[in-house]
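Let me begin by presenting the structure, written as C-alpha cells, before commenting on it.
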Amino acid sequence: MVSPKGGSGKTLLTCTFASFLNSLGKKVLIVDVDPITNGLTLFYLKEVYSQCKIAASELRKPSGTFDMTTVLTPLEIVKLPDGVHMIPATFSFFKTESTDISTFHARLLQIEGEFSDKYDYIFWDTSSGSGIHTNVAMRREISDAVVIVSEYDALSTVGVDRLKALFGEELTSNRISVLLNKMLPDFVRTFEILLKSDRHLSPIPWYEEVMNAYSLGRLPLDLQDGNDFTLAIMQTLRSLLRDSISEEIERWTRERPVRLREPIKVQYEDAKQELKNLLSVSGKNGNKWLRWMLNLIFAYLFGDLLFSFLWRNDKPYDKLQIVGIFSIILTFMLVIRLNKFLILEDKINRDEVKRLQLKIEQLEVLISAEQVGQQGESFRPK
1 MVSPKGGSGK
11 TLLTCTFASF
21 LNSLGKKVLI
31 VDVDPITNGL
41 TLFYLKEVYS
51 QCKIAASELR
61 KPSGTFDMTT
71 VLTPLEIVKL
81 PDGVHMIPAT
91 FSFFKTESTD
101 ISTFHARLLQ
111 IEGEFSDKYD
121 YIFWDTSSGS
131 GIHTNVAMRR
141 EISDAVVIVS
151 EYDALSTVGV
161 DRLKALFGEE
171 LTSNRISVLL
181 NKMLPDFVRT
191 FEILLKSDRH
201 LSPIPWYEEV
211 MNAYSLGRLP
221 LDLQDGNDFT
231 LAIMQTLRSL
241 LRDSISEEIE
251 RWTRERPVRL
261 REPIKVQYED
271 AKQELKNLLS
281 VSGKNGNKWL
291 RWMLNLIFAY
301 LFGDLLFSFL
311 WRNDKPYDKL
321 QIVGIFSIIL
331 TFMLVIRLNK
341 FLILEDKINR
351 DEVKRLQLKI
361 EQLEVLISAE
371 QVGQQGESFR
381 PK
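Numbering follows the UniProt record's numbering, with no gaps: position 373 of the sequence shown is 373.
Okay, here's the thing in C-alpha cells:
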C-alpha cells in the first residue's frame, strides 16, 4: 500500500481491508514499514503497549520491523481486537528513518519468508511519497501487487504519475492498481472520465459517518448490519482480489442482513419503489387532511348556529345552551388535537422521504463505483 503524498488515508484503508478480509475467514498480517510516521503502530498504540507489557512479564524484549541492528531478531506479533495480526514499526520508538536500507531489505525478506505461508494476505503499509524504504517494499521479491492510494485532486494525480515515472520497473501495469479514496459522492458518478490507462479499483466515497469514526480512532466498518462504507470496501476488495475471495464474500453475505446480502442494484430499485409508494400515500393523506378540516369547520359552524339560536330564544333552555357551548369547545379541542396529529404524521413522512432520497443517492454512488471497478479490469492483464 503506497501513496503519492500524506493524508490519502492509506494506513486506515490498510486496517480496514485487513479487518474485512479477516471477517471473511482470511488470515491477514499487516506490517508497519513506514519509517517516517509509524502510522499503523500509532493507530494501534494501545495494543502495542499491551504487547510490550506481556513481553516484559515474560522477560522478553519485543521486536518490530525496525527494532534491529545488523542481526535479524525474532519478530513480535500483536493480535488486534478484530482478529488481524500486526507487526508494528517499533516497540521502543526511535528515529526509525535512519535504519540502514540493506538491513531493512533483509528484514522484509525475513518477514516474507517466515510468514507468507502462514497468512492468506500480508499488507505492507509504507510511508507516503517516493522514499527509498517505499521503493524496497514495492520490489517484486517483497510484494506481489502494489495499490496506489490517492485522493481526487490535481496534486495527487500528478503524484501518481510521478511514482510511476520514478519506479517504472516495479510499477508495471500488471502489478499496480490505483485506488481513489475520500471521493465526494458527486465525483464518483463522473469518475469514468479518468479511466484512460491505469487499472482503477472501485473508489471509496467519503461519508460523514466515515469522518466521525476516524476522528474517534475507530474503523467505520459495520460488519453486522452493514453501511455504505462497508459496501464500498467490499466492492473495492472484489475489484482488487477478484476470484480469490468471491466464494467467501458470497458465503459471508448470506449470513448478513439484506443491506449487505442483496445486490446493490436490487436495493436501489426497491428504494425507488418505496419512495414512489410513500409519495403516493403522502398525496392521499394531504387530501384526507383537507376533508377533515372541512368537516371540522362544518361542525364548528353548526355548533355556533345552535348556540346562537338557543341563546336568543326567549325560553330559558339552560341545558340546551350548555350543550351548545360544549359543542363549540369540543369542536375546538378536536381541531387542535387533529392538527397536532396531522403535523406529526406529516413530519414523519417528510423524514422518511428524506431518508429514502439519501439512500437512493448513496446507492447511486455505489453503483457508479462498482462500474468503475468493472471497467478498471480491462486495464489489467489476465
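Beta carbons are placed, not taken as given, at the ideal position from N, Cα and C, and that holds for glycine. Since this is a predicted model, take the numbers as computed values, not measurements.
Identity of the residues DSSP links to residue i by a beta bridge
i, result
"aspartate 125", "Asp32"
"proline 62", "Beta-bridge pairing links proline 62 to no other residue."
"valine 158", "Paired residues: none, contrary to the question."
Nearest-angstrom Cα separation, counted from residue j out to residue i
i, j, result
"tyrosine 207", "glutamate 255", "25 Å"
"arginine 139", "glutamate 170", "6 Å"
"asparagine 22", "glycine 83", "7 Å"
"threonine 11", "phenylalanine 91", "18 Å"
"methionine 234", "serine 102", "37 Å"
"proline 62", "serine 116", "21 Å"
"leucine 180", "isoleucine 204", "6 Å"
"alanine 145", "alanine 55", "34 Å"
"threonine 35", "serine 127", "Residue 35 is actually proline in this sequence, not threonine. Cα to Cα, the separation comes out at about 7 Å."
"threonine 172", "lysine 272", "43 Å"
"threonine 14", "glycine 168", "23 Å"
"glutamate 41", "tyrosine 49", "The residue asked about is misnamed: residue 41 is threonine in this sequence, not glutamate. Roughly 10 Å between the two C-alpha positions."
"valine 158", "proline 4", "9 Å"
"aspartate 120", "tyrosine 44", "21 Å"
"glutamate 248", "glycine 25", "8 Å"
"alanine 213", "leucine 163", "30 Å"
"serine 130", "isoleucine 142", "17 Å"
"phenylalanine 229", "alanine 165", "32 Å"
"threonine 96", "serine 246", "39 Å"
"arginine 251", "serine 244", "13 Å"
"methionine 86", "arginine 107", "15 Å"
"leucine 240", "asparagine 277", "38 Å"
"asparagine 174", "leucine 231", "26 Å"
"serine 98", "glutamate 112", "22 Å"
"valine 210", "phenylalanine 20", "15 Å"
"arginine 218", "glutamine 224", "16 Å"
"arginine 199", "glycine 64", "33 Å"
"alanine 18", "isoleucine 30", "7 Å"
"glycine 6", "tyrosine 152", "13 Å"
First through last residue of the beta strand (DSSP E) which encompasses residue i
i, result
"methionine 86", "85–87"
Reduced DSSP category for residue i - H, G, I as helix; E, B as strand; rest coil
i, result
"serine 150", "strand"
"lysine 53", "helix"
"lysine 26", "coil"
"methionine 68", "coil"
"isoleucine 138", "With the sequence shown as reference, residue 138 is identified as methionine, and isoleucine is not the correct amino acid for it. Looking at methionine 138 - three-state DSSP - the assignment turns out to be helix."
"methionine 183", "strand"
"lysine 276", "helix"
"lysine 5", "coil"
"lysine 95", "coil"
"alanine 145", "coil"
"threonine 14", "helix"
"phenylalanine 229", "helix"
"lysine 118", "coil"
"glutamine 224", "coil"
"leucine 240", "helix"
"glutamate 170", "coil"
"serine 19", "helix"
"leucine 75", "coil"
"leucine 163", "helix"
Start-to-end residues for the alpha helix (DSSP H) that takes in residue i
i, result
"serine 177", "Taken as a continuous stretch (DSSP letters only), serine 177 belongs to no alpha helix (DSSP H), being part of the beta strand (DSSP E) at 176–180."
"histidine 105", "101–115"
"tryptophan 252", "243–254"
"leucine 80", "No alpha helix (DSSP H) contains leucine 80, which DSSP labels as neither H nor E."
"leucine 201", "No alpha helix (DSSP H) contains leucine 201, which DSSP labels as neither H nor E."
"tyrosine 214", "208–215"
"glycine 39", "39–43"
Supposed contact pair residue j and residue i - C-beta distance, whole angstroms, cut 8 Å
i, j, result
"valine 160", "isoleucine 148", "6 Å"
"phenylalanine 123", "methionine 1", "6 Å"
"glutamate 47", "leucine 80", "6 Å"
"leucine 221", "threonine 16", "6 Å"
"aspartate 125", "aspartate 67", "Not a contact, Cβ separation roughly 16 Å."
"serine 150", "serine 8", "6 Å"
"glutamate 76", "glutamine 110", "Wrong, their Cβ atoms sit about 13 Å apart, outside the cutoff."
"serine 215", "threonine 236", "Incorrect: roughly 22 Å between the Cβ atoms, too far for contact."
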